[in-house]
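All remarks here apply to the structure that follows.
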Amino acid sequence: MKKKGFTLVELMIALATFAILSLYLYQTFFSQIKLNFSFNDNIDLQYNINKALNILTDEIRNYSFTDISINGDQISSGGKVIVNLNSGGLNNDVDYDRANKILNLNDANGVNISKCTNIDSINMASEGEIIVITVSASQGKLKITSSTAVNVKR
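Below you can see the structure in the form of structure tokens.
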């Protein structure tokens, strides 16, 4: 006697196969989402580093036609401090707040125009007519360091 339909064993095998396939797809889907968040963090961090380097190099280039000097964590031009990495609360064009890991670009009145976050450290070194700037930033387990050089006439 033939009956139409599936036996209980066939249904159990089909259900087990579907469960294994679903588990694989579930793991793949969520690992891709996790990877996507990691890439987004990386992009945000690289954006902040590039923005910080651009702010610093633009400020230095704007004043490079005058006598520019590095004094520890400050870059001065004609007696005016244009970059201050000590965040003394002075009316500088650029200042760095180490405690909050923020680099601020200020207008002539000291009002914040732009800021970069997650900046761990900024190092400036003078090598003849070149100022080398290195910026490090981190977010979670991700840490990125980038450098640039600015040619200035003295």
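Just so you know, we're using my numbering here: the sequence shown kicks off at 537 and counts up by one.
Even for Gly, the Cβ is constructed at its ideal location relative to N, Cα and C.
- Between E595 and V630, the beta carbon gap of about 5 Å places them in contact (Cβ cut-off 8 Å).
- N584 places its beta carbon less than 8 Å from that of A673.
- The secondary-structure analysis by DSSP pairs K651 across a beta bridge with N640.
- Contact between L641 and I649 is confirmed by a C-beta separation of about 5 Å, below the 8 Å threshold.
- The beta carbon of D643 lies closer than 8 Å to those of I649 in the same chain, with the five residues before and after it left out.
- Annotated three-state conformation of T564 is helix, per DSSP.
- Looking at the DSSP output, L581 bridges to nothing.
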